[in-house]
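Participant: Dropping the structure in here first, questions after.
2 protein chains.
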Amino acid sequence: MRLSNYYLPTLKEAPAEAEIISHQLMLRAGLIKQVSSGIYTWLPLGLTVYKKIEAIVREEMNNIGALEIDMPSAQPAELWQDSGRWQDYGPELLRFKDRHQRDFCIGPTHEEIVTDLLKGEVQSYKQLPITVYQIQKKFRDEIRPRFGVMRGREFLMKDAYSFHADSASLATTYQAMYQAYQQIFTRMGLDFCAVEADSGSIGGSRSHEFHVLADSGEDVIMFSDGSDFASNIESTQSLPVTTLTEPTEAMRLVDTPDTKTIAALVEKYQLPIEKTIKTLVVKAATDCDSDLIALLVRGDHELNAIKAEKHPWVASPLQMASEDDIRQAIGAGPGSLGPVNLPIPFIADETVAAMSDFGAGANIEAKHYFGINWGRDVALGEVMDIRNAKVGDSSPDGSGHLRMARGIEVGHIFQLGKKYSEAMQMTVLDEHGKAVTPYMGCYGVGVTRLVAAAIEQHHDDKGIIWPPAIAPFSLVIAPINYGKSAAVTQFADDLYQTLRDKGIPVVLDDRGKRPGVMFSELELIGIPHRVVIGDKTLADNEVEYQGRTDESSQRIATDTVLEFLLTTLNKTA
Amino acid sequence: MRLSNYYLPTLKEAPAEAEIISHQLMLRAGLIKQVSSGIYTWLPLGLTVYKKIEAIVREEMNNIGALEIDMPSAQPAELWQDSGRWQDYGPELLRFKDRHQRDFCIGPTHEEIVTDLLKGEVQSYKQLPITVYQIQKKFRDEIRPRFGVMRGREFLMKDAYSFHADSASLATTYQAMYQAYQQIFTRMGLDFCAVEADSGSIGGSRSHEFHVLADSGEDVIMFSDGSDFASNIESTQSLPVTTLTEPTEAMRLVDTPDTKTIAALVEKYQLPIEKTIKTLVVKAATDCDSDLIALLVRGDHELNAIKAEKHPWVASPLQMASEDDIRQAIGAGPGSLGPVNLPIPFIADETVAAMSDFGAGANIEAKHYFGINWGRDVALGEVMDIRNAKVGDSSPDGSGHLRMARGIEVGHIFQLGKKYSEAMQMTVLDEHGKAVTPYMGCYGVGVTRLVAAAIEQHHDDKGIIWPPAIAPFSLVIAPINYGKSAAVTQFADDLYQTLRDKGIPVVLDDRGKRPGVMFSELELIGIPHRVVIGDKTLADNEVEYQGRTDESSQRIATDTVLEFLLTTLNKTA
Numbered sequence: 094m095r096l097s098n099y100y101l102p103t104l105k106e107a108p109a110e111a112e113i114i115s116h117q118l119m120l121r122a123g124l125i126k127q128v129s130s131g132i133y134t135w136l137p138l139g140l141t142v143y144k145k146i147e148a149i150v151r152e153e154m155n156n157i158g159a160l161e162i163d164m165p166s167a168q169p170a171e172l173w174q175d176s177g178r179w180q181d182y183g184p185e186l187l188r189f190k191d192r193h194q195r196d197f198c199i200g201p202t203h204e205e206i207v208t209d210l211l212k213g214e215v216q217s218y219k220q221l222p223i224t225v226y227q228i229q230k231k232f233r234d235e236i237r238p239r240f241g242v243m244r245g246r247e248f249l250m251k252d253a254y255s256f257h258a259d260s261a262s263l264a265t266t267y268q269a270m271y272q273a274y275q276q277i278f279t280r281m282g283l284d285f286c287a288v289e290a291d292s293g294s295i296g297g298s299r300s301h302e303f304h305v306l307a308d309s310g311e312d313v314i315m316f317s318d319g320s321d322f323a324s325n326i327e328s329t330q331s332l333p334v335t336t337l338t339e340p341t342e343a344m345r346l347v348d349t350p351d352t353k354t355i356a357a358l359v360e361k362y363q364l365p366i367e368k369t370i371k372t373l374v375v376k377a378a379t380d381c382d383s384d385l386i387a388l389l390v391r392g393d394h395e396l397n398a399i400k401a402e403k404h405p406w407v408a409s410p411l412q413m414a415s416e417d418d419i420r421q422a423i424g425a426g427p428g429s430l431g432p433v434n435l436p437i438p439f440i441a442d443e444t445v446a447a448m449s450d451f452g453a454g455a456n457i458e459a460k461h462y463f464g465i466n467w468g469r470d471v472a473l474g475e476v477m478d479i480r481n482a483k484v485g486d487s488s489p490d491g492s493g494h495l496r497m498a499r500g501i502e503v504g505h506i507f508q509l510g511k512k513y514s515e516a517m518q519m520t521v522l523d524e525h526g527k528a529v530t531p532y533m534g535c536y537g538v539g540v541t542r543l544v545a546a547a548i549e550q551h552h553d554d555k556g557i558i559w560p561p562a563i564a565p566f567s568l569v570i571a572p573i574n575y576g577k578s579a580a581v582t583q584f585a586d587d588l589y590q591t592l593r594d595k596g597i598p599v600v601l602d603d604r605g606k607r608p609g610v611m612f613s614e615l616e617l618i619g620i621p622h623r624v625v626i627g628d629k630t631l632a633d634n635e636v637e638y639q640g641r642t643d644e645s646s647q648r649i650a651t652d653t654v655l656e657f658l659l660t661t662l663n664k665t666a
Numbered sequence: 094m095r096l097s098n099y100y101l102p103t104l105k106e107a108p109a110e111a112e113i114i115s116h117q118l119m120l121r122a123g124l125i126k127q128v129s130s131g132i133y134t135w136l137p138l139g140l141t142v143y144k145k146i147e148a149i150v151r152e153e154m155n156n157i158g159a160l161e162i163d164m165p166s167a168q169p170a171e172l173w174q175d176s177g178r179w180q181d182y183g184p185e186l187l188r189f190k191d192r193h194q195r196d197f198c199i200g201p202t203h204e205e206i207v208t209d210l211l212k213g214e215v216q217s218y219k220q221l222p223i224t225v226y227q228i229q230k231k232f233r234d235e236i237r238p239r240f241g242v243m244r245g246r247e248f249l250m251k252d253a254y255s256f257h258a259d260s261a262s263l264a265t266t267y268q269a270m271y272q273a274y275q276q277i278f279t280r281m282g283l284d285f286c287a288v289e290a291d292s293g294s295i296g297g298s299r300s301h302e303f304h305v306l307a308d309s310g311e312d313v314i315m316f317s318d319g320s321d322f323a324s325n326i327e328s329t330q331s332l333p334v335t336t337l338t339e340p341t342e343a344m345r346l347v348d349t350p351d352t353k354t355i356a357a358l359v360e361k362y363q364l365p366i367e368k369t370i371k372t373l374v375v376k377a378a379t380d381c382d383s384d385l386i387a388l389l390v391r392g393d394h395e396l397n398a399i400k401a402e403k404h405p406w407v408a409s410p411l412q413m414a415s416e417d418d419i420r421q422a423i424g425a426g427p428g429s430l431g432p433v434n435l436p437i438p439f440i441a442d443e444t445v446a447a448m449s450d451f452g453a454g455a456n457i458e459a460k461h462y463f464g465i466n467w468g469r470d471v472a473l474g475e476v477m478d479i480r481n482a483k484v485g486d487s488s489p490d491g492s493g494h495l496r497m498a499r500g501i502e503v504g505h506i507f508q509l510g511k512k513y514s515e516a517m518q519m520t521v522l523d524e525h526g527k528a529v530t531p532y533m534g535c536y537g538v539g540v541t542r543l544v545a546a547a548i549e550q551h552h553d554d555k556g557i558i559w560p561p562a563i564a565p566f567s568l569v570i571a572p573i574n575y576g577k578s579a580a581v582t583q584f585a586d587d588l589y590q591t592l593r594d595k596g597i598p599v600v601l602d603d604r605g606k607r608p609g610v611m612f613s614e615l616e617l618i619g620i621p622h623r624v625v626i627g628d629k630t631l632a633d634n635e636v637e638y639q640g641r642t643d644e645s646s647q648r649i650a651t652d653t654v655l656e657f658l659l660t661t662l663n664k665t666a
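The listed protein sequences correspond, in order, to chains A and B. Numbering (the numbering used here) for the first sequence: 94 to 666. Numbering (the numbering used here) for the second sequence: 94 to 666.
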């Protein structure tokens, strides 16, 4: 490609609305242009990158025997009503009526369509397992699209679905998919991490997320310093960090004016934070005989909403109670709450259940009890892991301690079990001729999001540094005074043509820009290898080569430059 | 690919709703499955075919320097309001409101988005011309989706857009696109025809359609037997087929009871059909001072609605007047209408204007005038070409006579001119520093429709006959008693592996089906080349080869079969 024939609208400054570096660089390097909130046009340079990622994903899916299909974006409501998701899905599901007033949605995911597709067609266990996938634009009407294509409304996904006669077959395909995902992200040159995850509202028994590690990641990953354990903090099991001991103090009621926070309690009364309890009040589920429920976590711990929602008494999604509701039910406000004489049911975190001689609100305005002990002073009821794991906690697998990293979720695999096949009444005959409900798995990769994630991980203050496998071009020829110096022009054209003929993805910057401007732009767009051709070095029969991350350039003799480049490109391919 | 690992749900009988052969064969061969009216899932075999077509289209676009981009499906209403199409477009434009109640549509075309994209970014004529394209799913909410993917609601399109500083540059790119389209359809192995077309509601000055010739085609193409002239009947110019002569008869009022049709008039009164006139009444445009307008065509000619709509007096789209409206305005009903004493304005077709001594309704119930002559009996007013061209007419280019063929429109190229750039206020600076409005072109290919069109043209009573360039697999190995005969299994596996290693798109039918069933299925899905391996021929060290259209098979020695196949495949590639 000659840049004079290319469309590369670069920007000197990133628009103010771009908060994170990948969004800034994607706009500045002319990869995308916004059309509407969370909706982008992919320009030639950006499209080339996502097509490269798409090709890697497709190859790895084909390698494990997944079959590519293409399901429609417009999905009839009836199928979503069958699965129950027409009701369950929020406003991020884009619904519309066609000209005949029939209900449809633009599918953000295809469990219903794929189950309906194979239902009736696949009749025997002998036709299983089967894995199908597609690489397709999705629409999710995010309430607050942000970070460019990282959390956009239209995005490209690879979604795969597998069907199995038994759970062992599902586990085998799940494992193959896990390895294919590792292969995809490894080939892309990304530093990533597979973590155990909560399977969330999609249902099912087991799930892993794949995260590209980056400080700007929205997800928090807890991993062990002593084993392979890694998990999203949303679902990282928290072990109790204390062991229950015998009471040593008597319980006493203490006046605690102006002490609404744990920090104040610790500071004013010299209570160790490990001896304090936070009492959080949330709305109860409908089948609980109270309207409100209290959740108790240790003063230095954080509530984990996703864990708490799993308790049958807790309304899902978690909703904090209002101060008015709390006062009406308990007779005291937030900051004075605790388990002793609490008129509503409570759930204690496992660490809280192992505490002794601790302090908590007395459910009387501006009073706390100190020296509380379970059993003697207040009965312990429901106990459950409802807190976030913390750096330094013992790893749940028993090896080492937890550390923390931030990640960008780019892949997610699920063992769905029978949720959709059961709801949509899909059955196959097993080897005894009996109708059984197949097991399902589903497996997603965020193709366009990967472009942003790769940039978050691979950039410097000059711009993007593409990993070679997904670089839009491998090599740029940057002639100084192209079109003015006959020698430079000739040499650049010849080298360009030779490399093209060899099938190298090479680009020639024939726009005749000033060297400073040209170099800045080429660094911004992140081409891995650059050859500068100028009259000065040509006089010595040399050109200059510099890798995108090299600190300085090296001179290469013109008669060896072709061999040098082919060798260098081969090393990084 | 081993068919035992493939998903190929073939059907013995086509579902009743499939009216045309391509729809029947696509369902029977397991290429597609319907999800909703006009909405399909593409199964592995179908997807492979459309990906091959997509790859050919992409290559030819890249070859003429078009740059691939990816514009969003969800388009904000504001842009369509700017161009005026938010109002003009009918209910086939799928409109929706996002969660913030902002108006959007799912773009059936991208003139607005692409003009908005380049507006402001392209500032100088030096950056022009530029051609961008995308290959993308579109949604058009057809009132009556039919013929499978031929007229579906979701379909894959290649749409390209070009921008130019002057009309000469537009003409150059238009010509390059025309040639690229010829290249695409030629490479696909299709018998096609490029025809001049009406540019329709999209606007602009010049346009060509590309049709795959097939008897089931919805379009009628008129072409000359004496030149290269070809045109869609919608826009084929009709020359007058008579020359005005002096009156030889007096006009007379004739009682014509029960004579409501031209056929009856001809039969009962021995009037040659070339001496009769049809008077059709349609609604007038708002700036005409009548509510109704009469259109006159010769008795044996057909009205061309698209031509008539171009007259400023005629409402667009053309709407026939009701019988009540006609009786109220004229005092007589359809079947008794004519130009003499007609109280509403009329437009005469050019052939009508050249008639003499003709008959037409008298605008009195059950009466006609015979022997009418223009000028003497009634004044001739508006004259315009408003009829369909007819087989046998002189070709509009003056060489030869018109013949007719039916075609499936698979491509359409337009010189849009300034319609969108003007409406959306895009300007660039010309070489004198003056702001000018760029010229635009747009260019579409129906990728998924091409799959159906190829089948319409390439099938027999056994099934599909894929042209080699778009066949899902080039070659199938069909072993008899696979898995039972060790010799057959071994030979089939070895041949399959050898061909795969050489990169041949080969499929092995290892499902162990009975030969009759297997051969029928393989013929149905249309793989161009087949090798049958059986114990009988293996005993003679031979296998059987048969091309999909060969009348019989030929025996090939096992030690030369590889060379034979490579040579044969190479010939058709």
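No residue lacks a Cβ here, since even glycine has one placed at the ideal position from N, Cα and C.
1) Check the Cβ of Val128 of chain B against every Cβ in chain A and list those closer than 9 Å, keeping chain order.
2) With burial defined as no fewer than 16 other Cβ atoms inside 10 Å of the residue's Cβ, what is the status of Thr202 of chain A: buried or exposed?
3) Could you tell me if Ser317 of chain B is buried or exposed, where buried requires 16 or more neighbouring beta carbons within 10 angstroms of its beta carbon?
4) What residue range is occupied by the uninterrupted alpha helix (DSSP H) comprising Met477 of chain B?
5) Can you have a look at Gln550 of chain B and say buried or exposed, based on whether 16 or more other CB atoms are within 10 angstroms of its CB?
6) What did DSSP end up calling Asn155 of chain A once you bin it into helix, strand or coil?
7) With 16 other CB atoms within 10 Å as the buried threshold, where does Ser645 of chain A fall?
8) Does Val225 of chain B come within less than 9 Å of chain A when only Cβ atoms are used?
9) Quick one: residues in its chain with C-beta nearer than 6 Å to the C-beta of Ala287 of chain A, no 5 flanking neighbours on either side, listed in chain order?
10) Between the Cα of Thr651 of chain B and the Cα atoms of B:Asp470, B:Pro432, B:Val625, which residue gives the shortest distance?
11) Residues in the same chain with beta-carbon distance under 6 Å from Ser331 of chain A, minus the five sequence neighbours each way, listed in chain order, please.
12) Is the beta carbon of Asp312 of chain A sitting closer than 9 Å to the one on Ile501 of chain A?
13) Please tell me whether Pro531 of chain A and Ala258 of chain A are closer than 9 Å, where the distance is taken between their beta carbons.
14) Could you tell me which residues DSSP pairs with Ile548 of chain A in its beta bridges?
15) Leaving out the 5 sequence neighbours to the left and right, which residues in its chain are closer than 8 Å to Asn456 of chain A when beta-carbon positions are compared?
16) For Val624 of chain A, does the three-state DSSP call read helix, strand or coil?
17) Whole-angstrom Cβ separation of Leu104 of chain B and Leu124 of chain B, contact assumed at under 8 Å?
18) Excluding the 5 residues preceding and the 5 following Leu473 of chain B in the sequence, name in chain order all residues of the same chain whose CB lies nearer than 8 Å to its CB.
19) So who's on the other strand from Ser217 of chain A, going by DSSP bridges?
20) Taking 9 Å as the cut-off, decide whether the C-beta atoms of Met519 of chain B and Tyr254 of chain B are in contact.
21) Terminal residues of the continuous beta strand (DSSP E) containing Leu495 of chain A?
22) What residue does the alpha helix (DSSP H) around Phe278 of chain B start on, and which one ends it?
23) Can you name the residues that DSSP bridges to His304 of chain A?
24) Which parts of the stretch 174 to 246 of chain A are runs of the alpha helix (DSSP H), unbroken and 4 residues or longer, counting only runs that do not cross its ends?
25) When the Cα atoms are used, what is the spatial distance from Val599 of chain B to Met154 of chain B?
26) With DSSP run on the structure shown, which of helix, strand or coil describes Gln117 of chain A?
27) Let's test the definition: count the other Cβ atoms within 10 Å of the Cβ of Gln647 of chain A and tell me whether it reaches 16, buried, or not, exposed.
Facilitator: On the basis of the supplied data:
1) Result: Met164, Pro165, Ala167, Gln168, Pro169, Leu172, Ile206, Asp209, Leu210.
2) Its Cβ being crowded by 16 or more others within 10 Å, Thr202 of chain A is buried.
3) By the 10 Å Cβ count, Ser317 of chain B comes out buried.
4) Premise fails: Met477 of chain B lies in the beta strand (DSSP E), 475 to 477, not in any alpha helix (DSSP H).
5) Buried, by the Cβ-count rule.
6) Secondary structure of Asn155 of chain A (DSSP, three-state): helix.
7) By the Cβ-count criterion, Ser645 of chain A is exposed, with fewer than 16 other Cβ atoms from all chains shown falling within 10 Å of its own Cβ.
8) Cβ-Cβ to chain A under 9 Å: yes for Val225 of chain B.
9) The beta carbon of Ala287 of chain A sits closer than 6 Å to those of His301, Phe303, all from its chain and outside the five residues before and after it, given in chain order.
10) Taking Thr651 of chain B as reference, the option from B:Asp470, B:Pro432, B:Val625 with the minimal CA-CA separation is B:Val625.
11) Excluding sequence neighbours, Ser331 of chain A sits near Asp478, Arg480, Ala482.
12) Yes, they are a contact pair.
13) Result yes, Cβ atoms of Pro531 of chain A and Ala258 of chain A sit closer than 9 Å.
14) Residue pairing from DSSP leaves Ile548 of chain A without any beta-bridge partner.
15) Only Ile423, Gly424, Ala425, Ser429, Leu430, Gly431, Val433, Asn434, Leu435, Pro436 meet the Cβ criterion.
16) Strand, per DSSP.
17) Actually they are not in contact, since the Cβ atoms of Leu104 of chain B and Leu124 of chain B sit about 11 Å apart, beyond 8 Å.
18) Counting only Cβ-Cβ distances below 8 Å, and skipping sequence neighbours, we find Ala441, Ala446, Trp467.
19) Its beta-bridge partners are A:Leu522.
20) The Cβ atoms of Met519 of chain B and Tyr254 of chain B lie no closer than 9 Å to each other.
21) Element bounds for Leu495 of chain A: 495 to 510.
22) From DSSP, the alpha helix (DSSP H) with Phe278 of chain B extends over 260 to 280.
23) DSSP lists A:Cys286, A:Glu502 as partners of His304 of chain A.
24) Restricted to the stretch 174 to 246 of chain A, the alpha helix (DSSP H) segments that are unbroken, complete and at least 4 residues in length are 178 to 181, 204 to 211, listed in chain order.
25) Looking at the two C-alpha atoms, the distance is approximately 28 Å.
26) Helix, per DSSP.
27) Gln647 of chain A comes out exposed.
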